[in-house]
Structure formats: structure tokens, C-alpha cells
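Working notes, structure below.
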Amino acid sequence: MEPDKRGGKPCIRRMVITVYDVQSWLASGMSITEIIDDFPELTETDIRACLEFVADRDHRLVASVSAA
Numbered sequence: 019m020e021p022d023k024r025g026g027k028p029c030i031r032r033m034v035i036t037v038y039d040v041q042s043w044l045a046s047g048m049s050i051t052e053i054i055d056d057f058p059e060l061t062e063t064d065i066r067a068c069l070e071f072v073a074d075r076d077h078r079l080v081a082s083v084s085a086a
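Using the numbering used here, the letters of the sequence shown correspond one by one to residues 19 to 86.
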């Protein structure tokens with residue numbers, strides 16, 4: 019995350035593509051192959067890392083709310 023890039027949202031490998039961009043493409047029905055075709059600078063590993071990031075963030079959020 020860089021405060022001056024994409025509003026401080028988590029970006030992939032210093033690109034301007036955010037984790038949330040990838041998440042929204044997947045949610046809209048794009049396949050990993052389609053995303054890589056449209057954005058060849060991304061790899062399948064990048065996309066899977068985005069999913070892991072979001073899952074971990076959500077897990078930590080739920081755990082902190084449950085503890086409160």
C-alpha cells in the first residue's frame with residue numbers, strides 16, 4: 019500500500035492494479051484467464067494472492083469484531 023497511489027488501496031507488485039480491481043473482475047464473472055488476457059502483466063499467482071489477501075483481511079475483521 020502506498021498512500022499516494024490509488025488512494026492507499028493495496029496494489030499488486032507496485033502496479034496501479036488494486037486487489038479490489040481483481041476482486042471486482044472475478045465477482046463480475048471474469049475468469050482468471052480472461053483477466054490475464056486483458057492484463058498480461060498479471061499472473062495467476064497475483065490473482066490467487068489477491069484472493070488470499072481479501073480472505074485474510076475478512077477473517078481478521080470478523081475475529082476482531084467477535085472479540086469486542
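Positions of the beta carbon are idealized from the N, C-alpha and C atoms, including for glycine. As the structure is a prediction and not an experimental result, all values here were calculated from the model.
Residue range 37 to 45 is occupied by the alpha helix (DSSP H) that includes SER42. Only exposed fits THR51, as fewer than 16 other CB atoms lie within 10 angstroms of its CB. Spatial neighbours of THR63 in its own chain (CB-CB distance under 6 Å, excluding positions within 5 residues in sequence) are not present.
Looking from the CA of ILE30, the closest CA among ARG75, SER46, ILE65, SER42 belongs to ILE65.
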